[in-house]
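S.K.: Dumping the structure here so I can ask a few things about it.
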């Protein structure tokens, strides 16, 4: 699993924008920026939709006031699902990034197998990234939702 102080692995994440599909090189996207990246097991799932993403939507302005350039949500879903979920959640200040094949999640060592529920998914986590380097990593214990909350990340900035 990736550790604090390490550089993010090379990867591409998809985003469906008003101008069409964009494939972001992670290193280029986060270069020279302070980023809060949080991951969810799945778009439109209960905890993710009722608490995790909404917390970041509500606190986006406060996070940005603390110097955060990008707030990004990543999930092992396709870009169409991530875009629709972002719209449904009024997440206009959040980059909704798709890790369609799970390669970014696997490179981080933060994948989990949910078997017939959904197969390969991401563990729930949040990280602070400074110029591509992980400066804080908060990984949730199974079935927990405390350390990756927007409030927790805001308090640590």
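Numbering (full-length UniProt numbering), first residue to last: 1 to 157.
By construction, the Cβ of each residue, glycine as well, lies at the ideal position given by its N, Cα and C atoms.
Where does residue 90 land, buried or exposed, given buried means 16+ other C-beta within 10 angstroms?
M.R.: Counting Cβ neighbours within 10 Å, residue 90 comes out exposed, since fewer than 16 surround it.
S.K.: Return no unless some Cβ of chain C is closer than 8 Å to the Cβ of residue 99.
M.R.: No chain C is present in this structure, which holds just one protein chain.
S.K.: For my contact list, residue 72 and residue 35 are in at a C-beta cut-off of 8 Å; report their separation, rounded to the angstrom.
M.R.: Right, the Cβ-Cβ distance comes to about 6 Å (below 8 Å), so this counts as a contact.
S.K.: Answer yes if the stretch 137–156 comes into contact with the stretch 93–106, meaning at least three C-beta pairs across the two stretches below 8 Å, and no otherwise.
M.R.: Output reads no: the stretch 137–156 does not touch the stretch 93–106.
S.K.: Cα-Cα, which of 112, 25, 54 and 81 is closest to residue 100?
M.R.: Ranking the options by Cα distance to residue 100, first place goes to 81.
S.K.: Mark residue 18 as exposed unless 16 or more other C-beta atoms lie within 10 angstroms of its C-beta, in which case mark it buried.
M.R.: Exposed, since its Cβ has fewer than 16 Cβ neighbours within 10 Å.
S.K.: Please check the pair residue 67 and residue 2, which I expect to be a contact at CB under 8 Å, by giving their CB distance rounded to whole angstroms.
M.R.: The Cβ separation is near 22 Å, so there is no contact.
S.K.: Excluding the 5 residues preceding and the 5 following residue 29 in the sequence, name in chain order all residues of the same chain whose CB lies nearer than 8 Å to its CB.
M.R.: Answer for residue 29: 13 and 70, listed in chain order.
S.K.: Could you tell me if residue 131 is buried or exposed, where buried requires 16 or more neighbouring beta carbons within 10 angstroms of its beta carbon?
M.R.: Residue 131 is exposed by the Cβ-count criterion.
S.K.: Taking only the alpha-carbon atoms, compute the straight-line gap between residue 134 and residue 87 and give it to the nearest angstrom.
M.R.: If you take the alpha carbons of residue 134 and residue 87, they lie about 28 Å apart.
S.K.: Taking C-alpha atoms, which residue in 43, 6 and 61 lies nearest to residue 122?
M.R.: Comparing Cα positions, the closest option is 43.
S.K.: Counting C-beta neighbours from all protein chains within 10 Å, is the total for residue 5 16 or more, i.e. buried, or is it exposed?
M.R.: Burial call: exposed.
S.K.: Need the endpoints of the beta strand (DSSP E) that residue 237 sits in, please.
M.R.: Past the boundaries of the shown model lies residue 237; the chain is included only from 1 to 157, so the question cannot be answered.
S.K.: When the distance is taken between beta carbons, is residue 40 closer than 8 Å to residue 75?
M.R.: In contact: residue 75 and residue 40 (Cβ atoms closer than 8 Å).
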